[in-house]
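In UniProt numbering, the protein residues as written are 1 to 195.
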């Protein structure tokens with residue numbers, strides 16, 4: 001019996017020493033894991049912006065040089081409320097957008113049409129916009145700035161919806177400088193895919 005107790009004592013000692021030795025040999029394994037958990041918990045999550053400044057470009061980088069793009073086209077994501085300026089498969093610039101409420105923005109593949117202008121006002125909807133470019137029905141469906149009144153003053157309440165929710169009558173609204181760049185650069189015949 002004494003021998004059995006000695007064997008048990010040795011097993012317990014080896015087990016305890018083994019755990020201690022493992023902890024001493026790799027002291028930072030558990031600590032690193034705990035530190036990583038703490039860092040993850042403390043790190044702020046990237047949230048979608050609660051307020052988008054529609055008076056500023058959507059990205060903090062220069063707009064792409066349209067003439068230098070090899071295969072430029074425009075992708076509008078209704079789900080994301082974004083317009084992606086594409087070069088082949090590569091996104092070269094992302095713009096905040098607001099598409100049509102109640103799915104009123106047509107889906108499909110279109111091409112930039114000849115009609116474009118610096119300002120329009122629709123008396124029926126009591127909304128206007130600046131820097132507009134047609135993509136369907138020759139002046140009916142457009143890319144343009146956030147909406148204005150008849151005098152060209154921006155509707156701040158509507159503009160503040162940019163990038164967060166569909167809120168237009170079917171057109172694709174853009175931030176003021178984004179729409180200006182679009183008007184000045186995106187050429188006639190450019191493919192537009194909306195989905």
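From the three backbone atoms N, C-alpha and C, an ideal C-beta is built for every residue, glycine too.
Could you please give me the residues that DSSP links to residue i through a beta bridge?
i, result
"residue 85", "74 and 93"
"residue 104", "In the DSSP output, where bridge partners are listed per residue, residue 104 has none listed."
"residue 156", "Residue 156 pairs with nothing; no bridge assigned."
"residue 188", "According to DSSP, residue 188 bridges with nothing at all."
How far does the beta strand (DSSP E) with residue i in it reach, from first residue to last?
i, result
"residue 129", "127-136"
"residue 141", "141-145"
"residue 118", "116-122"
"residue 191", "191-194"
So the alpha helix (DSSP H) residue i belongs to, where does it begin and stop?
i, result
"residue 67", "First-last for residue 67: undefined, no H or E at that position."
"residue 185", "176-185"
For residue i, count neighbouring Cβ atoms within 10 angstroms of its own Cβ and tell me buried if that reaches 16, exposed if not.
i, result
"residue 137", "exposed"
"residue 145", "buried"
"residue 176", "buried"
"residue 62", "exposed"
"residue 46", "Confidence at residue 46 is low in this model, with a pLDDT of 43, below 50, so the placement of that residue should be treated as unreliable; the coordinate-derived value is given next. By the neighbour-count rule (16 or more Cβ atoms within 10 Å), residue 46 is not buried but exposed."
"residue 156", "exposed"
"residue 125", "exposed"
"residue 173", "buried"
Since residue i and residue j should fall inside the 8 Å C-beta cutoff, what is the C-beta to C-beta distance between them, to a whole number of angstroms?
i, j, result
"residue 110", "residue 135", "5 Å"
"residue 115", "residue 147", "Incorrect: roughly 18 Å between the Cβ atoms, too far for contact."
"residue 82", "residue 194", "Going by Cβ atoms, the distance from residue 82 to residue 194 rounds to 12 Å, so no, they are not a contact pair."
"residue 152", "residue 130", "7 Å"
Let me see if you follow: with CB-CB separation under 7 Å, is residue i close to chain D or not?
i, result
"residue 121", "Going by chain labels, chain D is absent from the structure shown, which holds only one protein chain."
Touching or not, the region 181-195 and the region 149-168, by the rule of three or more beta carbon pairs under 8 Å? Cβ pair count under 8 Å is below three, so no.
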